[in-house]
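Numbering (our numbering), first residue to last: 7 to 443. Yeah, the Cβ is synthetic: ideal placement off N, Cα and C, and Gly gets one too. These numbers were taken from a predicted model, which means no experiment stands behind them. Everything below concerns the one structure shown next.
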């Protein structure tokens, strides 16, 4: 099963196939996308904003490598003499090395916290990728919808142009009114204005999609996908636990909880201070009345054990504990929200499919047949231009309604994909971004 956490990995062959499919090179200016999934894969590869979060994972990895180490030892040098005392040339010189050793599991818990932070950084990256995939999905649908709206308007313009051509011939032979011709031409101009507006919207949406895909505004982008309607009602159903497994935000919530637990455990281990062990060598010069000046060398071992009357990290430990409690409650709230989001998205997808099926089926066919009948009747002089225009308006309205219901179906389906985390697998992102529990 593909999950939002699987937004991540691919074998080299997959990258080759993707590059071939998208027909894009580092210097190329033309990109061909045949499906929404192609656009999502390309965005995950080339989106500039997503790349900004990658160093966070690398930083967490570096901190993990540097964690769990003893503090640096201390080298102490000391020299003493009695020049300000009896001035008998007595003194000593000492060299000591001191090293702190934890008697609590502080180092292992510090390393465990760093591991959890790596998982947390990876989960944040995957969540960004999940959000990006959802935005790309909806943007592609919006761009294709605008394209199909434009094509629908142009089809109506062609129908109106046939009426205008017919009226021009009828006006010449005196069988039609010039007012009817002017009215038909005005309708055509209005439709052309709508097409111009839709074309402008299409260009803007295309630039927005190019930004998400990491392309320049002047690059050529071609989408071959069309907004069709499946023959059967969507029946995709997953268990609640499977949905949670797919959700990147829930994986992030789990990683946050694990990190909070690790932080609490680390602070608890800091309640017991480190023990300091020292090794020293001392060279002594002493004066004896009977023997005079003599030298001696000594070596020894010392241990310094702090007495923890007060816990200096008590406030930090409390903060870590409350962070853990907050993370757990956020996870519980997210579980409740995901359950309702899925039920709402699934119901919306099924309802929108039924509406689109009805609007694009028999009703649209009746409107199209009605327009054809009125056009035929008008050519035979059996009806007026006004009735033809009304039939044309009804057909246009129904066709737009059918298209909008299909667009709404695809948007609700995209929302269902987002709720389920049902996005394609990608393998070009480093392995360390995989969320770990």
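If we ignore side chains and look at the alpha-carbon of each, how far apart do residue 408 and residue 51 end up?
By 1-based counting over the chain shown, the position of residue 408 is 402. By 1-based counting over the chain shown, the position of residue 51 is 45. Computed Cα separation, rounded: 35 Å.
Rounded to a whole number of angstroms, what is the C-alpha to C-alpha distance between residue 281 and residue 314?
Within the chain shown, numbered from 1, the residue matching residue 281 stands at position 275. Within the chain shown, numbered from 1, the residue matching residue 314 stands at position 308. Each residue's Cα considered, the two are about 12 Å apart.
Can you tell me which of 44, 38, 40, 37 puts its alpha carbon nearest to the alpha carbon of residue 430?
To locate residue 430, count along the chain shown from 1; it is residue 424. Measuring from the Cα of residue 430, the nearest candidate turns out to be 44.
Limits of the beta strand (DSSP E) - the one that residue 102 falls within:
For the purposes of this step, residue 102 is identified with residue 96 of the chain shown, where counting begins at 1. Where residue 102 is concerned, the enclosing beta strand (DSSP E) stretches over 97-107.
Determine the DSSP secondary structure at residue 4, reduced to helix, strand or coil.
Absent from the model: residue 4. The displayed extent of the chain is 7 to 443, so no value can be given.
Buried/exposed call for residue 125, threshold 16 Cβ in 10 Å
One-based indexing of the chain shown puts residue 125 at position 119. Counting the other CB atoms within 10 Å of its CB gives residue 125 a total of 16 or more, which places it among the buried residues.
The alpha helix (DSSP H) with residue 130 in it runs from where to where?
Within the chain shown, numbered from 1, the residue matching residue 130 stands at position 124. Run containing residue 130: 112-178, per the alpha helix (DSSP H) assignment.
What are the boundary residues of the beta strand (DSSP E) that includes residue 85?
Stepping through the chain shown from its first residue, residue 85 is reached at position 79. It spans 80-87 - the beta strand (DSSP E) in which residue 85 sits, taken as one unbroken run.
DSSP three-state assignment for residue 306, whether helix, strand or coil
Here residue 306 refers to the residue found at position 300 when the chain shown is read from its first residue. In the structure shown, residue 306 sits in a strand (DSSP, three-state: E or B).
Beta-carbon separation (whole angstroms), residue 300 vs residue 310, contact threshold 8 Å:
Residue numbering aside, residue 300 sits at position 294 when the chain shown is read from its first letter. Residue numbering aside, residue 310 sits at position 304 when the chain shown is read from its first letter. The pair is not a contact, with the Cβ atoms about 31 Å apart (cut-off 8 Å).
Buried or exposed for residue 175, please, with buried defined as at least 16 other CB atoms from any protein chain shown within 10 angstroms of its CB.
Position 169 of the chain shown holds residue 175. It counts as exposed.
In the structure shown, what three-state DSSP assignment does residue 28 receive?
On the chain shown, position 22 is the one that residue 28 refers to. Caution applies to residue 28, whose pLDDT of 45 falls short of 50 and renders its modelled position unreliable; the model cannot decide the point.
Residue environment, residue 5, which counts as buried when at least 16 other CB atoms sit within 10 Å:
Given a span of 7 to 443 for the chain in the structure shown, any question on residue 5 remains unanswerable.
Roughly how many angstroms lie between the CA atoms of residue 87 and residue 105, to the nearest whole one?
For the purposes of this step, residue 87 is taken as residue 81 along the chain shown, with counting starting at 1. For the purposes of this step, residue 105 is taken as residue 99 along the chain shown, with counting starting at 1. Computed Cα separation, rounded: 27 Å.
Which partner residues does residue 300 have in the DSSP bridge list?
As a first step, residue 300 is located in the chain shown; it is residue number 294 there, counting from the start. Paired residue(s): 292.
Against chain C, does residue 82 count as a neighbour if the rule is that its beta carbon must be under 8 Å from one of theirs?
The structure shown contains no chain C; it holds only a single protein chain.
Per-residue burial, residue 355 [other beta carbons within 10 Å of its own, 16 or more giving buried]
Numbered from its first residue, the chain shown carries residue 355 at position 349. So residue 355 ends up on the buried side.
For residue 77, the three-state DSSP class (helix, strand or coil)
As a first step, residue 77 must be located in the chain shown, where it is residue number 71. Under the three-state reduction of DSSP, residue 77 is assigned to coil, being neither helix nor strand.
Smallest Cα separation from residue 225: which of 80, 214, 233, 231?
The residue given as residue 225 occupies position 219 in the chain shown. Residue 214 is the option with its Cα nearest to residue 225.
Among the residues of its own chain, which have a CB less than 8 Å from the CB of residue 415, if the five just before and after it don't count?
Locating residue 415 in the chain shown gives position 409, where the first residue counts as 1. Around residue 415: 235, 355, 358, 359, 361, 362.
Once the 5 residues before and after residue 327 are set aside, which same chain residues still bring their CB inside 8 Å of it?
Within the chain shown, residue 327 is the residue found at index 321, counting from 1. These residues qualify, in order along the chain: 270.
Kindly indicate which three-state DSSP category residue 72 falls into: helix, strand or coil?
Position 66 of the chain shown, counting from 1, holds the residue named residue 72. If DSSP states are grouped into helix, strand and coil, residue 72 belongs with coil.
Going by beta-carbon coordinates alone, are residue 134 and residue 219 separated by less than 8 Å?
By one-based count along the chain shown, residue 134 stands at place 128. By one-based count along the chain shown, residue 219 stands at place 213. No. Outside cutoff.
Taking Cβ to Cβ, would you say residue 149 is nearer than 8 Å to residue 222?
Position 143 of the chain shown, counting from 1, holds the residue named residue 149. Position 216 of the chain shown, counting from 1, holds the residue named residue 222. For residue 149 and residue 222, no; Cβs fall outside 8 Å.
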